[in-house]
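A.B. asks:
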Amino acid sequence: MLNIATQGDGPALVWAHGLFGSMTLESACGWFHPAADGQLRRIRYDARGHGQSCAADTPEVCQWTQLATEMLRVAEQTCSSEPFALGGQSMGCATALHAALQQPQRVSHLVLALPPTAWDSRPHQVLRYQKMIELLRRQGVAGLVKASRRFPPLPTWLRNSRSELAGLMLDELAGFTQNNLINILQGAAASDLPSPAALQQLSIPALILAWGDDDIHPLSTAQGLARWLPNNELIIANSNADLQQWPALIDAFITGR
Numbered sequence: 001m002l003n004i005a006t007q008g009d010g011p012a013l014v015w016a017h018g019l020f021g022s023m024t025l026e027s028a029c030g031w032f033h034p035a036a037d038g039q040l041r042r043i044r045y046d047a048r049g050h051g052q053s054c055a056a057d058t059p060e061v062c063q064w065t066q067l068a069t070e071m072l073r074v075a076e077q078t079c080s081s082e083p084f085a086l087g088g089q090s091m092g093c094a095t096a097l098h099a100a101l102q103q104p105q106r107v108s109h110l111v112l113a114l115p116p117t118a119w120d121s122r123p124h125q126v127l128r129y130q131k132m133i134e135l136l137r138r139q140g141v142a143g144l145v146k147a148s149r150r151f152p153p154l155p156t157w158l159r160n161s162r163s164e165l166a167g168l169m170l171d172e173l174a175g176f177t178q179n180n181l182i183n184i185l186q187g188a189a190a191s192d193l194p195s196p197a198a199l200q201q202l203s204i205p206a207l208i209l210a211w212g213d214d215d216i217h218p219l220s221t222a223q224g225l226a227r228w229l230p231n232n233e234l235i236i237a238n239s240n241a242d243l244q245q246w247p248a249l250i251d252a253f254i255t256g257r
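Residues 1 to 257 in UniProt numbering are what the sequence shown lists, from first letter to last.
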């Protein structure tokens, strides 16, 4: 069972967090959702295997196409017959794209934040996942957390301006079980973004939010999405001040205000 939360009024945005994340962690980071209600009805949930949702009992349920199917189930439960926007960061961005391809007629807007490695850059990331799985099997979750301290998945400018973020992410990672993490990583390793040919058929208005200096969320993926999605806007953050604008930008994009 998934842990789902709804906040605010207005057009519906169904939102998915990133790998090893949760609603709680995203709220602490503050990159995508305003502290007050904002102009949207934000429907957020902890993905399978994350936060307070049910565990990931097989790798297959963690593949991005399967996460997309679950995202659409959340939308069906919470949005009735109304159109809805889909969005998410990193793994959640991939989830939203795959979900939009499954039911493009229901989706009004896409918000694609911090797109993950994809296409040519995906094999290198898969090798990272495989090494993480090997480490988990040898040293458990504590060993993975210790190793992850050396590689915080944030741009240098963000680590310098928000020094607490890396610690929050490590605390979140430490809360997973070993088997759950292995299944999540294996599911991610078997996944990729939709092909350029598929993206070119997706005419839904898309807002792409990216930053540089992060090889886990490379700017090249965001630029590829901007090249292949027919109707998009790409915004690149270079400072914490830029990030603070993202919640309002998301609201304005979906409401048209």
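We put the beta carbon where it would ideally sit given N, CA and C, even for glycine.
Let me make sure I understand the geometry here. Which of Gly-30, Pro-59, Leu-135 has the alpha-carbon closest to that of Leu-188?
C.D. replies: As a first step, residue 188 is located in the sequence shown; it is residue number 188 there, counting from the start. Per the sequence shown, residue 188 should be read as Ala rather than Leu. Checked all of Gly-30, Pro-59, Leu-135; the closest Cα to Ala-188 is Pro-59.
A.B. asks: For Trp-64 and Arg-48, I'd like the C-alpha separation in whole angstroms.
C.D. replies: Residue mapping note: residue 64 aligns to position 64 of the sequence shown, counting from 1. Residue mapping note: residue 48 aligns to position 48 of the sequence shown, counting from 1. Roughly 11 Å between the two C-alpha positions.
A.B. asks: Tell me whether Arg-138 sits in a helix, a strand or coil according to DSSP, three-state version.
C.D. replies: Taking the sequence shown and counting its residues from 1, one reaches residue 138 at position 138. Here Arg-138 sits in helix by DSSP.
A.B. asks: Pairs of beta-carbons, one from the stretch 39 to 46 and one from the stretch 158 to 174, closer than 8 Å: are there three or more?
C.D. replies: Because the criterion of three Cβ pairs below 8 Å is not met, the stretch 39 to 46 and the stretch 158 to 174 do not touch.
A.B. asks: Determine the closest residue to Ala-206 out of Phe-176, Ser-220, Leu-86, with distance taken between C-alpha atoms.
C.D. replies: Position 206 of the sequence shown, counted from the first residue, corresponds to residue 206. When each option's Cα is compared against that of Ala-206, the closest is Leu-86.
A.B. asks: Apply the 10 Å Cβ neighbour rule to Pro-11 and answer buried if 16 or more other Cβ atoms are within range, or exposed otherwise.
C.D. replies: By 1-based counting over the sequence shown, the position of residue 11 is 11. Answer is buried; the Cβ neighbour count reaches 16.
A.B. asks: Compute the distance between the beta-carbons of Gln-89 and Gly-18, then report whether it is under 7 Å.
C.D. replies: In the sequence shown, residue 89 corresponds to position 89, counting from 1. In the sequence shown, residue 18 corresponds to position 18, counting from 1. Closer than 7 Å, so yes.
A.B. asks: Quick check: the stretch 198 to 213 against the stretch 226 to 240, are at least 3 beta-carbon pairs closer than 8 Å?
C.D. replies: Cβ pair count under 8 Å is three or more, so yes.
A.B. asks: For the alpha helix (DSSP H) that Thr-65 lies in, which residues bound it at each end?
C.D. replies: Within the sequence shown, residue 65 is the residue found at index 65, counting from 1. Thr-65 -> alpha helix (DSSP H) spans 64 to 79.
A.B. asks: Could you tell me which residues DSSP puts in a beta bridge with Ala-84?
C.D. replies: Counting from one through the sequence shown, the residue named residue 84 turns up at place 84. It should be pointed out that residue 84 corresponds to Phe in this sequence rather than to Ala. Looking at the DSSP assignment, Phe-84 forms a beta bridge with Val-107.
A.B. asks: Hey, quick one: how far does the alpha helix (DSSP H) through Glu-233 stretch, first residue to last?
C.D. replies: Here residue 233 is taken as the residue at index 233 of the sequence shown, counted from 1. Here Glu-233 belongs to no alpha helix (DSSP H); instead the beta strand (DSSP E) covers 232 to 237.
A.B. asks: For His-50, which residues from the same chain have a beta carbon less than 6 Å from its beta carbon, with the 5 sequence-adjacent residues on both sides left out?
C.D. replies: What you label residue 50 is simply residue 50 of the sequence shown in a count that begins at 1. The residues are Ser-22.
A.B. asks: DSSP beta-bridge partners for Ile-208?
C.D. replies: Sequence index remark: in the sequence shown, residue 208 carries index 208 (1-based). BP columns for Ile-208 point to Leu-112, Leu-234.
A.B. asks: Which one of Asp-214, Pro-196, Arg-138, Gln-200 has the shortest CA to CA distance from Ala-237?
C.D. replies: Position 237 of the sequence shown, counted from the start, is the residue given in the question as residue 237. Among Asp-214, Pro-196, Arg-138, Gln-200, the Cα nearest to that of Ala-237 is on Asp-214.
A.B. asks: Assuming Trp-15 and Gly-92 are in contact, meaning their beta carbons sit under 8 Å apart, how far apart are those beta carbons, in whole angstroms?
C.D. replies: Start at 1 with the first residue of the sequence shown, and residue 15 comes out as number 15. Start at 1 with the first residue of the sequence shown, and residue 92 comes out as number 92. Their Cβ separation, rounded to whole angstroms, is 7 Å, which keeps Trp-15 and Gly-92 in contact under 8 Å.
A.B. asks: Nearest to Ser-191 by CA position, among Ala-94, Leu-144, Glu-164, Ala-241, is which residue?
C.D. replies: As a first step, residue 191 is located in the sequence shown; it is residue number 191 there, counting from the start. The option with the nearest alpha carbon to Ser-191 is Ala-94.
A.B. asks: Leu-127: buried (16+ other C-beta within 10 angstroms of its C-beta) or exposed?
C.D. replies: Translated into the one-based positions of the sequence shown, residue 127 becomes position 127. The residue is exposed, with fewer than 16 neighbouring Cβ atoms inside 10 Å.
A.B. asks: Measure the alpha-carbon distance for His-109 versus Ile-204 and round it to whole angstroms.
C.D. replies: Position 109 of the sequence shown holds residue 109. Position 204 of the sequence shown holds residue 204. If I take the Cα positions, the gap works out to 6 Å.
A.B. asks: Suppose the cutoff is 7 Å on Cβ atoms and the five residues either side in sequence are ignored; what does the same chain contact list for Ala-222 look like?
C.D. replies: Numbered from its first residue, the sequence shown carries residue 222 at position 222. Closer than 7 Å at Cβ, skipping near neighbours: Pro-115, Ile-208, Ala-210, Leu-234.
A.B. asks: Sorted by chain position, which residues of the same chain lie with C-beta nearer than 6 Å to Leu-243's C-beta, five sequence neighbours on each side aside?
C.D. replies: Sequence index remark: in the sequence shown, residue 243 carries index 243 (1-based). Excluding positions up to five away in sequence, the list reads Trp-31, Ala-237.
A.B. asks: List the residues that DSSP assigns as beta-bridge partners of Arg-159.
C.D. replies: On the sequence shown, residue 159 is found 159 positions in, with the first residue counted as 1. Answer is none; Arg-159 lacks a bridge partner.
A.B. asks: Gln-105 to Leu-193, Cα distance in whole Å?
C.D. replies: In the sequence shown, residue 105 corresponds to position 105, counting from 1. In the sequence shown, residue 193 corresponds to position 193, counting from 1. Going from the Cα of Gln-105 to the Cα of Leu-193 covers about 20 Å.
A.B. asks: In the DSSP assignment, what are the bridge partners of Asn-3?
C.D. replies: Translated into the one-based positions of the sequence shown, residue 3 becomes position 3. Paired residue(s): Asp-46.
A.B. asks: Out of His-98, Gln-77, Leu-2, which has the shortest C-alpha to C-alpha gap to Pro-196?
C.D. replies: As a first step, residue 196 must be located in the sequence shown, where it is residue number 196. Answer by Cα proximity: His-98.
A.B. asks: Between Asp-9, Ser-148, Ala-100, Gln-7, which has its C-alpha nearest Gln-66's C-alpha?
C.D. replies: For the purposes of this step, residue 66 is taken as residue 66 along the sequence shown, with counting starting at 1. It is Ala-100.
A.B. asks: Rounded to whole angstroms, what is the Cα-Cα separation between Thr-24 and Lys-131?
C.D. replies: By 1-based counting over the sequence shown, the position of residue 24 is 24. By 1-based counting over the sequence shown, the position of residue 131 is 131. If I take the Cα positions, the gap works out to 27 Å.
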